[in-house]
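See below for the structure under consideration.
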DNA sequence: TTAGAGAATGAACCGCAGTTCATTCTTGGC
DNA sequence: GCCAAGAATGAACTGCGGTTCATTCTCTAA
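Chains as they are written, first to last, in my numbering: chain A, 133 to 358; chain B, 133 to 358.
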């Protein structure tokens, strides 16, 4: 049987008592474009649901339900299920990179820059808990399609830290006998693990204070008396 | 149609030219028990296949094929697909903990103990690359059933490091004004990230040298001149 | 009021993959 | 050689879930 020959029976629509909050706040909203309100609602719903159940245990139908739309509607806004997740992750990383880039214009000291990165990274938990969970679970591979593109963002993060470290070494602020790569990975890993642990245990912390502690350890080590 | 009423047609088995390497090296092998050779082959195959494709993109049939057994055979040795992965991860963690525990009997200095943990952790890449990949991808959640039990192993790791740090603080070797928890997470995170990066980029390193570098940074920091 | 264009819907399609189990193969004792 | 008893097999079962698309709804312009 070819599809499209014998479909639809549909026992008369129940009745249109759906909420329908499309008050159309703007005259010319971009319809199904990225600016649309429904577009954002689907993204948020996807992040929430996937954070709770994991990508492969989150049917599109569950995401649609959370967003208050029909299953098929999601495909008006996104190419596929993958695309929804990819878009959400991309947006988060881009926001992070932009925030750091902007701040670096006025914050010039290597030590201060490292501390700022640590702080923003640690703050992500409070900014959007679901997204933080998602980052700790789905981004670290498990699905090949995520692996490839998110790896790129991670590399960019490491690059930024490396450059700061290298500059600090050139300025004589940091030791020159340690690899900037190792330092960058150590710093990223330390912060990420702290965040991860907080996410999974539900522990809360102050991002500024914790960032200061991490950078303190990174800069001075844990050996007694200097 | 009830199952079991009209099954099997089977066009005569092709011919029994299967390898059949069951030379039965031991007189009384425990059949389908955990000691069996086939049991181990299934575990190894599962780790390999899942490392390559991810858990949810690894059909049981693919694992069976890699192990050289029929799909159904896996269910003679394991309760479910989950069970295979769980068993493999458990075994790896248990081996790690045992190795550390044993070495600690003769290696008593806090600094040396931290370095040893770092080294073993970093060595895991060389010991079993597939398992290292699996640890970096599947263990960090994405599937709820893995989350729960693997979290337990991670907590145990952190506990061990915390105790070493605390002892170092009591002995006056380490600073007492930094949280042992933060230090433990920093150390674990740093090493894990280094390993992760190596796993995904294919970069190789010497575990002993790298471990020494990480511990050096952790102990002395990256600030110039002491 | 009404036509029609586009947004939204959700049932149906379809393929996949975890698990089962009737059947076949293998082994070891007689 | 023969016959249980257990190991192994793999086709079939089953349910799930991503995606499609015929149909319905909504909204604007004439």
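Yeah, the Cβ is synthetic: ideal placement off N, Cα and C, and Gly gets one too.
For residue 254 of chain A, there are no neighbours in chain B by C-beta distance under 7 Å, as the nearest C-beta there is about 11 Å away.
In the structure shown, residue 238 of chain B adopts coil according to DSSP, grouped into three states. DSSP places residue 332 of chain A within a helical segment (H, G or I) once states are collapsed to three.
Put simply, the backbone Cα of residue 270 of chain A is about 20 Å away from that of residue 199 of chain A. In the structure shown, residue 210 of chain B adopts coil according to DSSP, grouped into three states. Taking the Cβ atoms as the reference, residue 206 of chain A lies roughly 52 Å from residue 351 of chain B, outside the contact range of under 8 Å.
With a 10 Å radius around the Cβ and a threshold of 16 neighbouring Cβ atoms, residue 242 of chain B comes out buried.
Chain-ordered, the chain B residues with CB closer than 8 Å to the CB of residue 326 of chain A read 314, 317, 318 and 321.
Contact annotation for residue 329 of chain B against chain A: 317 [CB-CB distance below 7 Å, chain order]. In the DSSP annotation of this structure, residue 202 of chain B is not part of any alpha helix (DSSP H), being labelled neither H nor E. Contact check for residue 317 of chain B against residue 325 of chain A passes: the beta carbons are separated by less than 7 Å. Not flagged as an interface residue toward chain B: residue 285 of chain A, since no C-beta distance is shorter than 7 Å. In summary, the residues of the stretch 239-272 of chain B whose CB is separated from some CB of chain A by less than 8 Å are 268, 269, 270 and 272, in the order they occur in the chain. Residues of the same chain with a CB within less than 7 Å of the CB of residue 218 of chain A, apart from the 5 flanking positions on each side, are 281 in chain order. Around the C-beta of residue 190 of chain B, 16 or more other C-beta atoms lie within 10 Å, and the residue is accordingly described as buried.
Sequence-distant Cβ neighbours of residue 264 of chain B in its own chain, meaning closer than 6 Å and more than five residues away, are 256, 257 and 331.
In this structure the stretch 287-296 of chain A lies against the stretch 232-247 of chain A, because at least three pairs of beta carbons, one per stretch, are closer than 8 Å.
Only buried fits residue 321 of chain A, as 16 or more other CB atoms lie within 10 angstroms of its CB.
For residue 355 of chain B, a Cβ of chain A is located within less than 7 Å of the residue's own Cβ.
Taking a Cβ-Cβ threshold of 7 Å, none of the residues of chain A is close to residue 225 of chain B; the smallest such distance is about 17 Å. Rounded to whole angstroms, the Cβ separation of residue 179 of chain A and residue 266 of chain A is 6 Å, and the two are in contact under 8 Å. Contact check for residue 254 of chain B against residue 339 of chain B passes: the beta carbons are separated by less than 7 Å. The bridge partners DSSP lists for residue 281 of chain B come to none. In the DSSP assignment, residue 272 of chain A falls outside any alpha helix (DSSP H) and carries neither an H nor an E.
In this structure residue 328 of chain A is buried. Its beta-carbon is surrounded by 16 or more other beta-carbon atoms within 10 angstroms.
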